[in-house]
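**Student:** Using the numbering used here, the first residue of the sequence shown is number 7, and each one after it goes up by one.
We treat Cβ as the ideally placed atom computed from N, Cα and C, and that holds for glycine.
What you are looking at is a predicted structure, and each value in this text was computed from that prediction instead of being measured.
There's a structure below that I have some questions on.
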Amino acid sequence: MTDAVTEAVTDAVTEAVTDAAMSRPPRLLYIAFYFPPTRASGVYRSLATANHFADRGWDVTVLTINEEYFRDYVHSWDPSLLQRVHPGVTIERVHYPGWRFEPSLRRYSWLRGHFPAVAEKLYKRREQRDFPEPYATWIKPAVARGRELHARRPFDLCLATGNPHAAFAVAWHLHQRTRVPYVVDYRDSWTLNLYEDAPAYPDGHPAWDWERRILDNASRATFVNEPLREWHMHRYPEVADRMLVVENGWEPTLLGDVLALQPHHDRPLQFGYLGTMTEKVPLAEFFDGWRLARQEPQLANAGVKLYGHLGYFNTSAAALHASLPIAEGIGVSYEGPVAKTAVASAYDSLDVLLLVLAGTKYTTSGKVYEYIATGKPIVSVHVPESAASDVLRGYPMWFPCADLSAGAIRDALVKAADAARTATPEDSAACRAYAAAHTREAQLEPFERELRALVQG
């Protein structure tokens, strides 16, 4: 069949599919590498997005990877999250070999077992040829599976969320072969280093060509905050009119009912952090400020509870744990990871929440939305220009640090301690009223309407 005939047939099929789509629920192929049962930080946005579109009547199919990768390779595993997936969502798993992350020498090929340097070189060469990311080997089988599903029951739209940004490449390849429009959702930046406010790749790196190619063909591109959208608008001005902000948010069904704030006049206050701790998080700076703050009468005998995983992978846990001043006698304890069903209880045990964030003005963190939903005092330990400040600016009990010096952190901790001692239920209610506008549903509702209009033409 000639290219001209193939194109004519494709156009005819596309027209027929469009007509049929008007009389049935729109069909969405959601390409999400990180999807339950992983516990990776981005999974909550992926989970909420799939569920929201299913709630709004879309026929949603999630294209993701095999569960074994999360359980056996990277140990990022929370099977309880599968229970949160909307019953109307279909999950299609495409095997990702996870070559770089293979934990068992027994599964190494002969070449890799005997000549690991040669095998690594050949793998990198293939990676650069296909897509400049360690997850490139997932693209081809994912595209093949996407085409099979589309041939069986055509999709109206693809939505791809990254990272990894190989998901974007899957959407692009499917678009080239099926003409199905696609939208890319930047949960994280690709070519921008969030922690250094600098390009993540040198000039001439293939990632730049791929990003431009993908954005040029995308129907929409979304970002989690305005600074990230502005950076990409400046870099790709010809696509600026298709760029949107879809913030993260908090989910009442996941957070549960946090107890109303109670004034604590006598007992020592409990400060706390919930979230994954990595080497990028300014924990050392926080502890320097905490040591000073403990010398103030408002914080006499106060404690800090740290909840969450130490790093995203097991390899970093030991070093991070050793960096915590647990044995120093300054009230710091590590409470370990918290199941989503126990998050509300963890918040109940705290009087003041610590938002300790890494990064520059482009960093928001999904945790900030959950924090404001508690109605409790929040201390921001991050650079003032962080995009998290934009979320918190109207929150009645927000105590930002002027900078990351020990003195500035101490001052914010003392102010928050005073608030925890004197705040009323009315103060907490005002905080929760502010948080009501920042639920996942509030963020996803206009996005769903935008994509529905896109599908309906």
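Between which two residues does the alpha helix (DSSP H) carrying Tyr279 extend?
**Tutor:** Per DSSP, Tyr279 belongs to no alpha helix (DSSP H); it is in the beta strand (DSSP E), 276-280.
**Student:** DSSP on Arg51, reduced to helix/strand/coil?
**Tutor:** Note: Arg51 maps to helix in three-state DSSP.
**Student:** Along the chain, where does the alpha helix (DSSP H) that runs through Leu155 open and close?
**Tutor:** It spans 145-158 - the alpha helix (DSSP H) in which Leu155 sits, taken as one unbroken run.
**Student:** Have a look at Gly381 and Pro160 and give me their C-alpha separation to the nearest angstrom.
**Tutor:** Roughly 45 Å between the two C-alpha positions.
**Student:** Taking the continuous alpha helix (DSSP H) assigned at Tyr188, which residues delimit it?
**Tutor:** It is not in any alpha helix (DSSP H) - Tyr188 instead sits in the beta strand (DSSP E) that spans 188-192.
**Student:** Throw me the rounded Cβ distance for the Met403 and Asp354 pair, which I believe falls under 8 Å.
**Tutor:** That pair is no contact at about 17 Å.
**Student:** At what residues does the alpha helix (DSSP H) containing Glu232 begin and finish?
**Tutor:** Looking at the DSSP string, the run of the alpha helix (DSSP H) that includes Glu232 is 232-241.
**Student:** Determine the extent of the alpha helix (DSSP H) in which Pro212 is found, giving its start and end residues.
**Tutor:** Where Pro212 is concerned, the enclosing alpha helix (DSSP H) stretches over 212-223.
**Student:** Give every residue of the same chain whose Cβ lies closer than 6 Å to the Cβ of Gly63, excluding the five residues on either side of it in the sequence, and list them in chain order.
**Tutor:** Here the set comprises Pro31.
**Student:** Just to confirm before moving on: does the CB-CB distance between Glu341 and Tyr313 stay below 7 Å?
**Tutor:** Yes, these two residues count as a Cβ contact at 7 Å.
**Student:** So, using beta-carbon positions, are Val245 and Phe229 closer together than 7 Å?
**Tutor:** Cβ distance not < 7 Å, so Val245 and Phe229 don't count as in contact.
**Student:** Would you verify that the beta carbon of Ala38 is, or is not, closer than 7 Å to some beta carbon of chain D?
**Tutor:** Considering every chain present, this structure includes no chain D. It has just one protein chain.
**Student:** If you reduce the DSSP assignment to three classes, tell me which class Asp433 lands in.
**Tutor:** The answer is helix: DSSP assigns Asp433 an H, G or I state.
**Student:** Suppose the cutoff is 6 Å on Cβ atoms and the five residues either side in sequence are ignored; what does the same chain contact list for Glu451 look like?
**Tutor:** Answer for Glu451: no residue qualifies.
**Student:** Name the residue from Gly152, Arg248, Pro431 whose alpha carbon lies nearest to the alpha carbon of His179.
**Tutor:** Checked all of Gly152, Arg248, Pro431; the closest Cα to His179 is Gly152.
**Student:** Round the Cβ separation of Asp78 and Pro43 to the nearest angstrom and send it over; I've been treating them as touching at under 8 Å.
**Tutor:** With 8 Å as the limit, Asp78 and Pro43 do not qualify as a contact, their Cβ atoms being about 12 Å apart.
**Student:** Once DSSP output is grouped into helix, strand and coil, what is the label at Pro140?
**Tutor:** In this structure, Pro140 counts as coil in the three-state DSSP scheme.
**Student:** Please state if the CB of Val349 and the CB of Ala422 are separated by a distance shorter than 7 Å.
**Tutor:** No. Outside cutoff.
**Student:** Quick one: measure Cβ to Cβ for Ile37 and Ala166, integer angstroms, because I've assumed they're closer than 8 Å.
**Tutor:** With 8 Å as the limit, Ile37 and Ala166 qualify as a contact, their Cβ atoms being about 4 Å apart.
**Student:** What's the gap between the Cα of Ala27 and the Cα of Asn169?
**Tutor:** Legend: pLDDT at Ala27 = 49, less than 50; position of this residue unreliable, value from coordinates given subsequently. Near 30 Å, if we compare the C-alpha coordinates of Asn169 and Ala27.
**Student:** Met283 and Leu289 look like a contact to me (Cβ under 8 Å); what is the Cβ gap, rounded to whole Å?
**Tutor:** Sure, about 6 Å apart at Cβ, within 8 Å.
**Student:** At the level of alpha carbons, what is the spacing between Ser195 and Arg273?
**Tutor:** Cα to Cα, the separation comes out at about 44 Å.
**Student:** Okay, do the stretch 394-401 and the stretch 409-421 touch, 3+ Cβ pairs below 8 Å being the bar?
**Tutor:** These segments do not touch.
**Student:** Taking Thr70 as part of the alpha helix (DSSP H), name the residues at either end of that continuous run.
**Tutor:** From DSSP, Thr70 is part of no alpha helix (DSSP H) but of the beta strand (DSSP E) over 65-71.
**Student:** So is Pro459 buried or exposed if we call it buried at 16+ other beta carbons inside 10 Å?
**Tutor:** For the sequence presented, residue 459 should be read as Ala rather than Pro. Ala459 is exposed by the Cβ-count criterion.
**Student:** Measuring alpha carbon to alpha carbon, tell me which of Thr67, Ala175, His58 ends up nearest Arg33.
**Tutor:** Answer by Cα proximity: Thr67.
**Student:** Drop a sphere of 10 angstroms on the beta-carbon of Ala224, count the other beta-carbons inside from all chains shown, and report buried for 16 or more, exposed for fewer.
**Tutor:** Counting Cβ neighbours within 10 Å, Ala224 comes out buried, since at least 16 surround it.
**Student:** Would DSSP call Ser351 helix, strand or coil?
**Tutor:** DSSP places Ser351 in helix when its eight states are reduced to three.
**Student:** Quick check: the stretch 442-449 against the stretch 382-390, are at least 3 beta-carbon pairs closer than 8 Å?
**Tutor:** Segments in contact, no.
**Student:** Considering only the alpha carbon of each residue, which of Arg135, Val461, Gly463, Gln449 lies closest to Thr55?
**Tutor:** Nearest C-alpha to Thr55: Gln449.
**Student:** Measure the Cβ-Cβ separation of Leu361 and Tyr375 and say whether it is below 7 Å.
**Tutor:** No; because the gap between Cβ atoms is not below 7 Å, this pair is not in contact.
**Student:** How about Arg99 and Leu53: do their beta carbons lie closer than 7 Å?
**Tutor:** No, these two residues do not count as a Cβ contact at 7 Å.
**Student:** Quick test of your reading: Leu221 and Ala148, contact by CB under 8 Å. State the CB separation rounded to the nearest angstrom.
**Tutor:** Between Ala148 and Leu221 the Cβ distance is about 20 Å, and since that is not below 8 Å, they are no contact.
**Student:** Would you say Tyr192 and Cys164 are within 7 Å of each other, going by their C-beta atoms?
**Tutor:** Going by C-beta atoms, Tyr192 is not nearer than 7 Å to Cys164.
**Student:** Quick check: the Cα distance between Lys346 and Ala299, rounded to an integer number of angstroms?
**Tutor:** Straight-line Cα distance between these residues: approximately 31 Å.
**Student:** By alpha-carbon positions, which one of Val49, Arg183, His238 ends up nearest to Asp247?
**Tutor:** Closest option to Asp247, Cα to Cα, is His238.
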